[in-house]
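Inspection log for the structure reproduced underneath, given as structure tokens.
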Amino acid sequence: MAEKKYIEAVGRRKTASARVRIVSAKSTSIVINDRNASDYFPLAVMHEAIHAPFKTIGGAYTVTAIVKGGGLKAQAEAVRHGISRALIEVDAAYRKDLKVKGYLKRDPRAKERKKFGLKAARRAPQWSKR
Numbered sequence: 001m002a003e004k005k006y007i008e009a010v011g012r013r014k015t016a017s018a019r020v021r022i023v024s025a026k027s028t029s030i031v032i033n034d035r036n037a038s039d040y041f042p043l044a045v046m047h048e049a050i051h052a053p054f055k056t057i058g059g060a061y062t063v064t065a066i067v068k069g070g071g072l073k074a075q076a077e078a079v080r081h082g083i084s085r086a087l088i089e090v091d092a093a094y095r096k097d098l099k100v101k102g103y104l105k106r107d108p109r110a111k112e113r114k115k116f117g118l119k120a121a122r123r124a125p126q127w128s129k130r
């Protein structure tokens, strides 16, 4: 039995991570955690985020992703990061266009941990003179 060849990559954002597999196809379809992307992500901004790499380079692929952790926005950006990384493995010429758009950079911003003696990460207790 012939098996379809896929390319796999990992995308991350904050605490969300996405394992993405792409296969070339006639039209673009995206499945996330065994659900259609339009069902999984409720907002149009998130749909634009995950379709952005395909709009940048053109072409059509079937995408399946397994996403864990984080919120929905972070998950959408993790999927975008994984798709971009997988597209570079398809053709290294895509790298320049995707890098200019910022899709290859893992966004490292995350919530800073609370430190002892403080009320939050940097918020100190109110100081009183007397």
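Using our numbering, the first residue of the sequence shown is number 1, and each one after it goes up by one.
Where is the CB? At the ideal position from N, CA and C, for every residue including glycine.
All values reported here derive from a predicted model rather than from experimental measurement.
Tell me whether the beta-carbon of residue i lies closer than 9 Å to the beta-carbon of residue j.
{"i": "Gly102", "j": "Ala16", "result": "no"}
On the three-state DSSP scale, how would you describe residue i?
{"i": "Lys115", "result": "coil"}
{"i": "Tyr61", "result": "strand"}
{"i": "Ser84", "result": "helix"}
{"i": "Ser128", "result": "coil"}
{"i": "Lys68", "result": "strand"}
{"i": "Ala25", "result": "coil"}
{"i": "Ala92", "result": "coil"}
{"i": "Ala120", "result": "coil"}
{"i": "Ala16", "result": "strand"}
{"i": "Ala110", "result": "coil"}
Measure the alpha-carbon distance for residue i versus residue j and round it to whole angstroms.
{"i": "Gln126", "j": "Arg109", "result": "27 Å"}
{"i": "Ile57", "j": "Leu98", "result": "8 Å"}
{"i": "Tyr40", "j": "Arg123", "result": "36 Å"}
{"i": "Arg80", "j": "Lys105", "result": "10 Å"}
{"i": "Pro42", "j": "Tyr6", "result": "27 Å"}
{"i": "Ala76", "j": "Ala93", "result": "24 Å"}
{"i": "Leu118", "j": "Ala44", "result": "39 Å"}
{"i": "Ala74", "j": "Ser29", "result": "20 Å"}
Quick one: measure Cβ to Cβ for residue i and residue j, integer angstroms, because I've assumed they're closer than 8 Å.
{"i": "Lys38", "j": "His51", "result": "According to the sequence shown, residue 38 is Ser rather than Lys. Rounded, the Cβ-Cβ distance is 11 Å, inconsistent with contact."}
{"i": "Val63", "j": "Val20", "result": "6 Å"}
{"i": "Ala60", "j": "Lys115", "result": "Between Lys115 and Ala60 the Cβ distance is about 49 Å, and since that is not below 8 Å, they are no contact."}
{"i": "Ala18", "j": "Gly82", "result": "5 Å"}
Three or more C-beta pairs under 8 Å: does that hold for the region 84-91 against the region 5-16?
yes
Just checking, does the region 29-37 make contact with the region 66-82 on the three C-beta pairs under 8 Å criterion?
yes
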